[in-house]
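Enquirer: Let me give you the structure first, and then I'll get to my questions.
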Amino acid sequence: MWYLYVDESGDLGFDFFAKSPSKYFTVCLLLVRGSEHNRAILSAVNKTVRRKLPQRDSSELKGTRTSFEVKQYFYRLIQNVPFEIFALTLNKRRVYEDLHGKKDRLYNFIARQVLDQVPLMDATTRIELTMDRCKNTAEVAEFNAYIERQVQGRIDPRIPLNIAHRTSHEHRGLQAVDLFSWGVFRSYEKRDTEWRDVFAEKIQYDDVYLK
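Just so you know, we're using my numbering here: the sequence shown kicks off at 437 and counts up by one.
See the structure below:
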């Protein structure tokens, strides 16, 4: 089975005068091929949470609040596990003003652009796409239909594609991709590449849309 985890960093606010939105918005995808490798990554998340974080019901790995030392510990656990990272970062200041209020459309478009970089045509087994839950029921249905339309021509018709929307607290795979997403985002937003440099060897695609 192929496991794809998708998360985002930054926001899609555009009021740069009255408020303080992020300058960039990143969508990041973690691709893991095979159940054994997926279990290894989920196990590494569990170990890191159990050994390095305060023992609370809400304890989870988050790019914004997990220390660099804990991030390094997590990466050492998975460094030899095969996985790939794909990311696209939107330069929000270059977005046309008439799109500022169409956040779902922007999100769906950027997510699809990231998926376009994943070699889905190579999949010979089920594809499980897990998204960070950030949409309501109607938006989820619209997103799923949009993605299925866009990728169906690149996937063997015999290969099932399942799209699930979960919270990061529910799914450890989303906690892993959250760390990577934040690292890519931070490299653009703050020009801070310290964490991104640690996992750079795993990055297959990292680009800016509207440079």
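Ideal Cβ positions, reconstructed from N, Cα and C, are used throughout, including at glycine.
Inspect the beta-carbon positions of E533 and K638 and report whether they are closer than 8 Å.
Expert: No; because the gap between Cβ atoms is not below 8 Å, this pair is not in contact.
Enquirer: Would H607 be called buried (16 or more neighbouring beta carbons within 10 Å of its own) or exposed?
Expert: Its Cβ being crowded by 16 or more others within 10 Å, H607 is buried.
Enquirer: Is the beta carbon of F522 closer than 8 Å to that of N544?
Expert: No.
Enquirer: Taking Cβ to Cβ, would you say N399 is nearer than 8 Å to L448?
Expert: This structure cannot settle anything about residue 399, because the visible part of the chain is limited to 437 through 647.
Enquirer: Just checking my contact of K617 with D443 at CB under 8 Å: how many whole Å lie between their CB atoms?
Expert: Note that residue 617 corresponds to Ser in the displayed sequence, not to Lys. About 5 Å; that satisfies the 8 Å criterion.
Enquirer: Return the chain-ordered list of same chain residues with a C-beta closer than 7 Å to the C-beta of P593, the five sequence neighbours on each side being excluded.
Expert: There are no such residues.
Enquirer: Tell me which residue opens and which closes the alpha helix (DSSP H) that T484 is part of.
Expert: Where T484 is concerned, the enclosing alpha helix (DSSP H) stretches over 471 to 488.
Enquirer: Leaving out five residues on either side along the sequence, give the residues of the same chain with a beta carbon under 7 Å from the beta carbon of Y641.
Expert: Counting only Cβ-Cβ distances below 7 Å, and skipping sequence neighbours, we find F522, A523, Q553.
Enquirer: Decide if the region 503 to 514 is in contact with the region 586 to 605; the criterion is three or more beta carbon pairs, one per stretch, under 8 Å apart.
Expert: The answer is no - the region 586 to 605 does not touch the region 503 to 514, with fewer than three Cβ pairs under 8 Å.
Enquirer: Between the Cα of L467 and those of R627, L565, A636, A577, spot the shortest distance and give me the residue it belongs to.
Expert: The option with the nearest alpha carbon to L467 is L565.
Enquirer: Out of R541, K539, R590, P596, state which residue places its alpha-carbon closest to the alpha-carbon of T561.
Expert: Comparing Cα positions, the closest option is P596.
Enquirer: I'd like to confirm the pairing. Which residues does DSSP put opposite T462 in its beta bridges?
Expert: Its beta-bridge partners are S445, T525.
Enquirer: In the DSSP assignment, find the unbroken alpha helix (DSSP H) run with Y511 in it and report its ends.
Expert: Element bounds for Y511: 504 to 514.
Enquirer: Taking the DSSP output, what are the residues bridged to T561?
Expert: Beta-bridge pairing links T561 to no other residue.
Enquirer: Bridge partners for A636 per DSSP, in chain order?
Expert: None; A636 has no bridge partner.
Enquirer: Using a Cβ-Cβ cutoff of less than 6 Å, which residues in the same chain neighbour R548 once the five nearest sequence positions on both sides are dropped?
Expert: Closer than 6 Å at Cβ, skipping near neighbours: Q586.
Enquirer: Rounded to a whole number of angstroms, what is the C-alpha to C-alpha distance between S456 and E625?
Expert: So the two alpha carbons sit approximately 13 Å from each other.
Enquirer: Given a cut-off of 8 Å on the beta-carbon distance, is the pair T525 and F461 in contact?
Expert: Yes, Cβ-Cβ distance for T525 and F461 is below 8 Å.
Enquirer: May I have the straight-line CA-CA distance separating S495 from K571, to the nearest angstrom?
Expert: Approximately 23 Å, taken between the alpha carbons.
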